[in-house]
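Undergrad:
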Amino acid sequence: MGRVNLISGNDPRLFTYGLYRDLLRTLEERGYRFALFSEDLTDPRRVYLRHDLDLDVDKAVVMADIEAEKSVRATYFVMFDNAFYNVGSSRVQRQLRTILDGGHDIGVHVVHDPTFTVSDMIRRCAAQARALGELLDHDVSCFSFHRPARELLDTEFSVPGLANAYGKPFFAADRYVSDSNHDWRCGDPGVFLREFDGEVLQILTHPFWWTEEPTPPIEKFSALLEKSAARAHGYLVDNVKLAHKLLSSA
Ligand SMILES: [Zn+2]
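Just so you know, we're using this note's numbering here: the sequence shown kicks off at 157 and counts up by one.
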């Protein structure tokens, strides 16, 4: 019997940078090697740190710094279909290059279009990886799905030349934990990692949820919406003369 998990998986204390540092330390102490999806690692005991950037690249940069301080490598999956950031923008490209400079890898986080066939999805994954690779001048060789449909998880979905984060070598339901929807379904991930007895593990986190101090998720959403509105405002003022006149004087 494992220890009783006293804290529920959605507790904001489970999403602080302090806790994240503790998780990395536990993995190191337990002898896990930090592996990338894009490499062929034979170390039996390895962990894939995966970050899906569903909402916020700024937060990803913070997390990448925390990892780089400890010489920990992770993979950041970036979206094209996204309402909050644009991989074509210079700002985001600079941020992604900073992440790469920290020793991390970058892949594409692909949105499943329900009107697409499996071969359409294969083409979409390949096209997005190629486009991101061109933009970053980096060999993008892995992808993860955003909220994948069951058929994409069940079939051995594969794209030539790209590693699928949900593919067999990296993923199995009993050796995978995630903070999806601000909820660790495993309970306290610190307890889980201390007790996990498998050899290969994948940990998915979304940097958006993580903060210095424990913070209720509603405040995280509010901060994101405010930041996005401020950026849209700045764009209008900087790029449309009339907006500059009407909005800056307000
Ligand atoms: Zn996602």
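Every residue gets a Cβ at the ideal spot worked out from N, C-alpha and C, and that includes glycine.
Can you have a look at M157 and say buried or exposed, based on whether 16 or more other CB atoms are within 10 angstroms of its CB?
TA: Residue mapping note: residue 157 aligns to position 1 of the sequence shown, counting from 1. Summary for M157: the model assigns pLDDT 45, below 50, so the residue's position carries little reliability; its value from the coordinates is reported in the next sentence. With fewer than 16 Cβ atoms within 10 Å of its Cβ, M157 is classed as exposed.
Undergrad: Mind the definition here: the segment 253-264 touches the segment 329-336 only if three or more C-beta pairs lie below 8 Å; say whether that holds.
TA: no
Undergrad: Alpha carbon to alpha carbon, what distance is there between Y322 and P345?
TA: Start at 1 with the first residue of the sequence shown, and residue 345 comes out as number 189. Start at 1 with the first residue of the sequence shown, and residue 322 comes out as number 166. Looking at the two C-alpha atoms, the distance is approximately 20 Å.
Undergrad: Given this structure, state the Cα-to-Cα distance separating N238 from H302, to the nearest angstrom.
TA: Position 82 of the sequence shown, counted from the start, is the residue given in the question as residue 238. Position 146 of the sequence shown, counted from the start, is the residue given in the question as residue 302. C-alpha separation (whole angstroms): 11 Å.
Undergrad: Please report the residue range of the beta strand (DSSP E) in which R350 lies.
TA: On the sequence shown, residue 350 is found 194 positions in, with the first residue counted as 1. Premise fails: R350 lies in the alpha helix (DSSP H), 345-351, not in any beta strand (DSSP E).
Undergrad: Run the proximity test for R303: is its beta-carbon closer than 8 Å to any non-hydrogen atom belonging to ligand 1?
TA: Here residue 303 refers to the residue found at position 147 of the sequence shown. Yes, since a heavy atom of ligand 1 falls inside the 8 Å radius drawn around the Cβ of R303.
Undergrad: In the DSSP assignment, what residue or residues form a beta bridge with R169?
TA: Mapped onto the sequence shown, residue 169 falls at position 13. DSSP, once it has assigned bridges, lists no residue as partnering R169.
Undergrad: Would V234 and L211 qualify as a contact pair, given that the criterion is a beta-carbon distance under 9 Å?
TA: For this step, residue 234 is matched to residue 78 along the sequence shown. For this step, residue 211 is matched to residue 55 along the sequence shown. Result no, Cβ atoms of V234 and L211 do not sit closer than 9 Å.
Undergrad: Between I255 and the rest of its own chain, which residues show a CB-CB distance below 7 Å, the 5 nearest in sequence each way excluded?
TA: By 1-based counting over the sequence shown, the position of residue 255 is 99. Same-chain partners within the cutoff: A216, V217, A220, Y232, I262.
Undergrad: Could you spell out the range, first to last residue, of the beta strand (DSSP E) harbouring G259?
TA: As a first step, residue 259 is located in the sequence shown; it is residue number 103 there, counting from the start. G259: not part of any beta strand (DSSP E); DSSP gives it neither H nor E.
Undergrad: Please report the residue range of the alpha helix (DSSP H) in which H407 lies.
TA: The structure shown does not extend to residue 407, since the chain is modelled only from 157 through 406, so no value can be given for it.
Undergrad: Beta-carbon separation of V296 and L288 under 9 Å?
TA: By 1-based counting over the sequence shown, the position of residue 296 is 140. By 1-based counting over the sequence shown, the position of residue 288 is 132. It is a contact, given that the beta carbons lie within the stated cut-off.
Undergrad: Mapping DSSP to helix, strand and coil, what is C298?
TA: As a first step, residue 298 is located in the sequence shown; it is residue number 142 there, counting from the start. C298: strand per DSSP, three-state reduction.
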